[in-house]
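Accompanying notes for the structure given below.
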Amino acid sequence: MENLEIYHLLEDEMSKYKTLNHEDIKWNNIYEYSLEILQQFSMDIRICNYFVLSCIALNNEESFEIMNKLFKSLANILQNSPENLGKNANTLNAQKRKLKNIIEHFIMESDKLNLSHSTQTTIDLNHTFNLLGEILGCDFKEIRLKQYIQESKITSSPIIKQVELQTQNLNIVSFSDREYRIFFNNLAFEILEDDKENLNAYAMFVEAMWGRIKTLPSHNDENVTQIKYPDKNLIQILLQNNLNELEHIKCFMSNLVLNPFWIEGLKFFCEFLQKHKKVNASNLLNVLARNFLLKFKEISNLKFNNGKFMCEEQILNYFLKQDINFNHTKPKINKSKRNNGINEVLIGINTQNHNNSLFSNINALIEMARLFEEKNMQNNAKTLYIQIKDLMEKTLLKDYLSEDYLEIKAKIEKI
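Start counting the sequence shown at 843; every next residue gets the next number (our numbering).
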């Protein structure tokens, strides 16, 4: 009964493929269901096709490594026990043709979409496909190695011009939602491959994740949507961190793009970046998430189809109540300098406020007001506190920085 239920769930999800509901496919579920069937019940070529399609959609190193193992198993079956794929010659030949088409489709999509499998995995896949080609009596085209592509762009100026020309002719407006996600996510990957510290990659990732979202998903009277909560195996993979740093960043990006309303997942990503000393990247995502949550305030009331809130209060507070500063620390007056001249302290605050972000500006104004208070310049302090209060009210931050807001209001009345 269990395997029948999994088959039913898989077929139900795949029924959306290449239909008007294609964009609603939960590829992480396709991946989980098809892998479980292949591992425990049957090496059906049709299920193999579903699994490969999910690997293409999820686009992460872990899935490609498992996919290579699947193809190796198929090669072993074809060599040693082909009757497990087809009891007679006609059935077996039909299965072989399907397998050949699956491999050709994957190779085409890999080169077209620049899928994010590592160089070693690409080599392993090419080796496996070469073996299967000998068994199936065909010659598969090799997947292009990324290193070769990068070297070609460097050593051949005509190729560079051609790439630039194609980019200029792109009409992003005409992209489907899926094409839009893939385009910006792959752009993020390319930037990271060139420079792991480039913050533009994270901006491209957020565009892939939220760029096409104009409204929140529909819901019933209990605020329950049809959006599925991410699979537990996916969450486990993201939290285990078995990949190298760059590949794990890509893994986070690929899966969050497919789960744009999983705000907790973005929190996991920010915490991962903090842990790996990528504080500016984490801060950038935090600011962009804050803007998204302020724009779509009702998301805190919505639930996944299992009844779990999309953005619980503690998750909301994580993004809305943090002090964001690209200097890694909240600007504050150094106690050892309190007796220094006011000009020196103000210069220090100005240096800390170098990025001129909204939150840095507010922090700088607060520290200046506190400084004036310490220097008994009450009129100057009150003027600044009034400006801070007005700024918080205009940007809606008073609701999410309520403690600071109430403290500042009290100071205005007291001074």
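Glycine included, every Cβ here is placed at the ideal spot set by N, Cα and C. Quick caveat, the model's predicted, so the values are computed rather than measured.
Grouping DSSP H, G and I as helix and E and B as strand, with all else coil, what is residue i?
i, result
"residue 1146", "coil"
"residue 1151", "strand"
"residue 1179", "Low local confidence applies: a pLDDT of 44 at residue 1179 is under 50, so the model's placement there is unreliable, with the coordinate-based value given in what follows. Helix at residue 1179."
"residue 1132", "helix"
"residue 849", "helix"
"residue 1259", "Nothing about residue 1259 can be reported from this structure: the residues present for the chain run from 843 to 1257 only."
"residue 1251", "helix"
"residue 865", "helix"
"residue 927", "coil"
"residue 1204", "helix"
"residue 1039", "coil"
"residue 1214", "helix"
"residue 1246", "helix"
"residue 984", "coil"
"residue 1234", "helix"
"residue 1138", "coil"
"residue 1157", "helix"
"residue 1256", "helix"
"residue 958", "coil"
"residue 1224", "helix"
"residue 854", "helix"
"residue 1010", "Note that residue 1010 has pLDDT 43, beneath the 50 cutoff, so the model's placement of it is unreliable and no number is given."
If you follow the alpha helix (DSSP H) that residue i is part of, which residue opens it and which one closes it?
i, result
"residue 915", "903-922"
"residue 1052", "1042-1052"
"residue 1023", "1019-1036"
"residue 935", "931-955"
"residue 871", "869-882"
"residue 896", "887-900"
"residue 965", "961-978"
Could you say which of the options lies nearest to residue i if we only look at CA atoms?
i, options, result
"residue 1132", "1109, 1144, 1116", "1109"
"residue 1053", "1036, 1025, 1150, 1116", "1025"
"residue 1100", "1214, 1129, 899, 860", "899"
"residue 945", "917, 928, 927", "917"
"residue 1139", "1158, 1130, 1129, 1146", "1158"
"residue 1116", "895, 1091, 1077, 1104", "1091"
"residue 1049", "973, 1130, 870", "1130"
"residue 1087", "1056, 1034, 1097, 1103", "1034"
"residue 1077", "849, 1105, 1057", "1105"
"residue 1068", "1151, 1075, 1047, 1020", "1151"
"residue 952", "972, 983, 936", "983"
"residue 1027", "1210, 1097, 1056", "1097"
"residue 848", "1215, 871, 865, 858", "871"
"residue 911", "932, 877, 949", "877"
"residue 892", "1248, 853, 1229", "853"
"residue 1112", "1160, 1148, 964", "1160"
"residue 869", "856, 1059, 1032", "856"
"residue 1056", "1103, 1149, 950", "1103"
"residue 973", "914, 1073, 927", "914"
"residue 1251", "1219, 861, 1211, 1217", "1211"
"residue 788", "1094, 964, 1219, 947", "There is no way to answer for residue 788, as the model of the chain reaches only from 843 to 1257."
"residue 789", "1245, 986, 1247", "As displayed, the chain neither begins before 843 nor continues past 1257, which places residue 789 out of reach and without an answer."
"residue 1137", "1047, 1058, 1039", "1058"
"residue 874", "954, 896, 865", "896"
Counting Cβ pairs closer than 8 Å, one from the stretch 963-982 and one from the stretch 916-923, do we hit at least three?
yes
Any 3 or more C-beta pairs closer than 8 Å across the stretch 958-966 and the stretch 903-910:
yes
Counting pairs of Cβ atoms below 8 Å between the stretch 930-943 and the stretch 885-898, do you hit three or more?
yes
If you pair each beta-carbon of the stretch 1109-1127 with each one of the stretch 1063-1073, do three or more pairs fall below 8 Å?
no
Which parts of the stretch 1045-1117 are runs of the beta strand (DSSP E), unbroken and 3 residues or longer, counting only runs that do not cross its ends?
none
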